[in-house]
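Scroll down for the structure; my scribbles are underneath it.
2 protein chains.
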Amino acid sequence: MQGEHSSKQYDMDLETIRSKVLLMGGLVENQFQDAVSSFKSGNIAQAEQVIKVDQDVNRLEVSLDDACSHLIVKRQPAANDLRTVMATIKVIIDLERIGDEATKIARSAKSITERGVTTINHYEIIRVMASSAGNMLHDALDAFARLDGKQAIQLIAKDEVVNHEFRSIMRNLITFMMEDPRTISCALDTLWVAKAIERIGDHAKNIAEYVIYIVEGKDIRHTDYVASQLEDRTTN
Amino acid sequence: MQGEHSSKQYDMDLETIRSKVLLMGGLVENQFQDAVSSFKSGNIAQAEQVIKVDQDVNRLEVSLDDACSHLIVKRQPAANDLRTVMATIKVIIDLERIGDEATKIARSAKSITERGVTTINHYEIIRVMASSAGNMLHDALDAFARLDGKQAIQLIAKDEVVNHEFRSIMRNLITFMMEDPRTISCALDTLWVAKAIERIGDHAKNIAEYVIYIVEGKDIRHTDYVASQLEDRTTN
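Right, dumping it as structure tokens:
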């Protein structure tokens with residue numbers, strides 16, 4: 001049913017959407033980096049900028065979502081093409097949520113700075129985890145840009161590392177709080193930041209799963225597909 | 001372009017999907033109630049059942065998502081009809097996440113029971129908030145079932161109440177922890193439960209926003225649409 005002309009138009013429209021999604025991805029990646037940086041430095045202006053940028057991210061979500069719906073109605077894509085659009089719609093949702101989590105980190109940065117007394121080395125506690133999740137996010141956007149299923153599989157496996165780091169941070173913070181109740185406020189702010197970083201890892205994993213859905217045509221959510229793929233590579 | 005036959009088929013297919021989404025909604029609503037109940041009673045078997053049911057919820061997510069894509073490819077809906085399918089796809093995502101949050105509550109219930117010593121009245125602390133969020137979820141599913149935009153608007157306004165209750169719980173728990181460090185483990189479990197409940201309120205709000213999108217054709221995410229609607233009703 002699709003003529004060559006219509007199919008070409010479809011490809012062009014889809015490419016426009018994809019490049020805007022990558023723009024949105026760049027925005028939330030910067031939001032995350034800046035939020036972590038403000039948590040380190042206590043730079044309130046930087047934290048407030050992260051919170052402000054979230055409005056742009058929200059606007060991009062709504063307009064990109066709308067563009068995807070228009071594409072479907074106008075070009076009536078076949079099953080294969082539709083898969084890419086549907087996955088893109090979900091990537092957009094996850095990117096918006098990453099923006100929300102970055103905003104939470106920025107809020108904690110403000111709160112910890114405004115309280116004035118830091119009773120624990122709050123940035124050092126989350127440093128490694130923030131770097132792991134940042135790498136996951138970067139790789140997820142890269143895998144989406146290049147439609148690289150292998151890279152997507154690799155990064156999904158890293159989510160367990162981030163989750164492990166989160167649990168270890170939680171145990172650390174509990175120890176601090178028990179030893180010295182004066183650390184409780186600061187430790188809780190740090191705990192929320194760690195939680196937000198853990199969620200960003202989850203969202204990066206979701207994006208990678210959508211990349212695999214686009215490339216392989218497999219919905220691998222809630223399956224052990226990644227483990228089996230990694231195993232194949234080790235044994236072969 | 002759509003013949004009457006095709007349009008009727010579309011309506012029937014959509015109705016099948018909608019009734020399965022409501023089935024999924026019923027499952028996660030029960031998951032949430034049972035999770036809270038196990039947090040109250042310390043019934044580990046009940047908590048484990050909540051965790052087990054989550055696999056059914058996950059399977060429903062994947063199969064319903066697939067059914068929506070098939071519907072679009074097969075029936076090529078016009079803009080108005082597509083809006084309903086797209087919103088339904090997003091409702092499914094939120095329902096699955098509610099299942100995840102209920103599972104987290106069940107895990108905390110297990111953890112607090114297995115530790116054996118409860119140093120605070122953990123259920124009493126979250127009781128009111130759990131009831132508020134449970135009502136929001138119930139109303140969201142009801143609004144989706146009856147496509148009731150007014151009910152959706154009412155319940156979105158309640159999200160602020162749940163958020164307020166969360167902040168008040170957090171302050172309470174901090175006080176407990178500072179006064180007696182032996183409460184810290186128990187207080188943190190309770191804090192995670194409160195956080196999961198707050199997230200369930202957010203997801204119920206999202207579902208209500210999608211109902212409004214279906215009924216009114218307006219994407220009201222990140223806008224003050226609800227406030228303006230409630231104001232209209234007060235002043236008129």
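Order-wise, the sequence lines are chains A and B. Per full-length UniProt numbering, the very first residue in the first sequence carries number 1; after that it's consecutive. Per full-length UniProt numbering, the very first residue in the second sequence carries number 1; after that it's consecutive. By construction, the Cβ of each residue, glycine as well, lies at the ideal position given by its N, Cα and C atoms.
Checklist entry - Whole-angstrom Cβ separation of V91/A and Y210/A, contact assumed at under 8 Å? => result Mapped onto the first sequence, residue 91/A falls at position 91. Mapped onto the first sequence, residue 210/A falls at position 210. Contact flag correct, Cβ pair sits at about 5 Å.
Next on the checklist: Going by C-alpha to C-alpha distance, which of D224/B, V193/B and G26/B sits closest to S111/B?
Outcome noted: Position 111 of the second sequence holds residue 111/B. Cα-wise, what sits closest to S111/B is V193/B.
Checklist entry - Would DSSP call L147/A helix, strand or coil? => result Stepping through the first sequence from its first residue, residue 147/A is reached at position 147. L147/A: coil per DSSP, three-state reduction.
Checklist entry - Between L23/B and L155/A, what straight-line distance do the alpha-carbon atoms span, to the nearest angstrom? => result Indexing the second sequence from 1 puts residue 23/B at position 23. Indexing the first sequence from 1 puts residue 155/A at position 155. If I take the Cα positions, the gap works out to 34 Å.
Checklist entry - Can you name, in chain order, every residue of its own chain whose Cβ lies under 6 Å from the Cβ of A133/A, other than the five neighbours on each side? => result For this step, residue 133/A is matched to residue 133 along the first sequence. V162, I197, I200 and G201, listed in sequence order.
Next on the checklist: I need the DSSP call for R221/A, collapsed to helix, strand or coil.
Outcome noted: As a first step, residue 221/A must be located in the first sequence, where it is residue number 221. Looking at R221/A - three-state DSSP - the assignment turns out to be coil, as it is neither helix nor strand.
Next on the checklist: Residues in the same chain with beta-carbon distance under 8 Å from T103/B, minus the five sequence neighbours each way, listed in chain order, please.
Outcome noted: Working through the second sequence from its first residue, we reach residue 103/B at position 103. Cβ within range, chain order: Q31, A35, V50, I51 and D54.
Next on the checklist: So S7/A contacts chain B; which residues on that side make the cut at Cβ distance below 8 Å?
Outcome noted: Reading the first sequence from its first residue, position 7 is the one you call residue 7/A. Neighbours of S7/A on chain B: none; closest Cβ ~15 Å, over 8 Å.
Checklist entry - Using 8 Å as the limit for Cβ to Cβ distance, is H222/B near chain A? => result The residue you call residue 222/B lines up with position 222 of the second sequence. Closer than 8 Å: yes.
Checklist entry - Okay, do the stretch 181-195 of chain B and the stretch 79-87 of chain B touch, 3+ Cβ pairs below 8 Å being the bar? => result no
Next on the checklist: For D180/A, report the span of its alpha helix (DSSP H) as first-last.
Outcome noted: Here residue 180/A refers to the residue found at position 180 of the first sequence. First-last for D180/A: undefined, no H or E at that position.
Next on the checklist: Please classify M129/B as buried or exposed, where buried requires at least 16 other C-beta atoms within 10 Å of its C-beta.
Outcome noted: Reading the second sequence from its first residue, position 129 is the one you call residue 129/B. It is buried - the Cβ of M129/B has at least 16 other Cβ atoms within 10 Å.
Checklist entry - Ends of the alpha helix (DSSP H) at G99/B? => result Within the second sequence, numbered from 1, the residue matching residue 99/B stands at position 99. Its alpha helix (DSSP H) spans residues A79 to R115.
Next on the checklist: Any beta carbon of chain A sitting closer than 8 Å to that of V73/B?
Outcome noted: What you label residue 73/B is simply residue 73 of the second sequence in a count that begins at 1. Interface residue, yes.
Checklist entry - Under 8 Å between C-beta atoms, does M86/A make it to chain B? => result Numbered from its first residue, the first sequence carries residue 86/A at position 86. Closer than 8 Å: yes.
Checklist entry - Under a Cβ-count criterion, where at least 16 other Cβ atoms within 10 Å of its own Cβ denotes burial, should T223/B be classed as buried or exposed? => result Start at 1 with the first residue of the second sequence, and residue 223/B comes out as number 223. Exposed, since its Cβ has fewer than 16 Cβ neighbours within 10 Å.
Checklist entry - S69/A versus chain B: which residues are under 9 Å apart at the beta carbon? => result The residue you call residue 69/A lines up with position 69 of the first sequence. Those within 9 Å of S69/A in chain B are A79, L82, R83 and M86.
Next on the checklist: Given this structure, state the Cα-to-Cα distance separating H164/A from K195/A, to the nearest angstrom.
Outcome noted: Within the first sequence, residue 164/A is the residue found at index 164, counting from 1. Within the first sequence, residue 195/A is the residue found at index 195, counting from 1. About 12 Å.
Checklist entry - If you draw a straight line from the C-alpha of R167/B to the C-alpha of L64/A, how long is it? => result Within the second sequence, residue 167/B is the residue found at index 167, counting from 1. Within the first sequence, residue 64/A is the residue found at index 64, counting from 1. Distance between the alpha carbons of R167/B and L64/A is about 33 Å.
Item to check | Rounded separation between Q151/B and A143/B - CA only | outcome: Here residue 151/B refers to the residue found at position 151 when the second sequence is read from its first residue. Here residue 143/B refers to the residue found at position 143 when the second sequence is read from its first residue. A143/B has its alpha-carbon roughly 6 Å from the corresponding atom of Q151/B.
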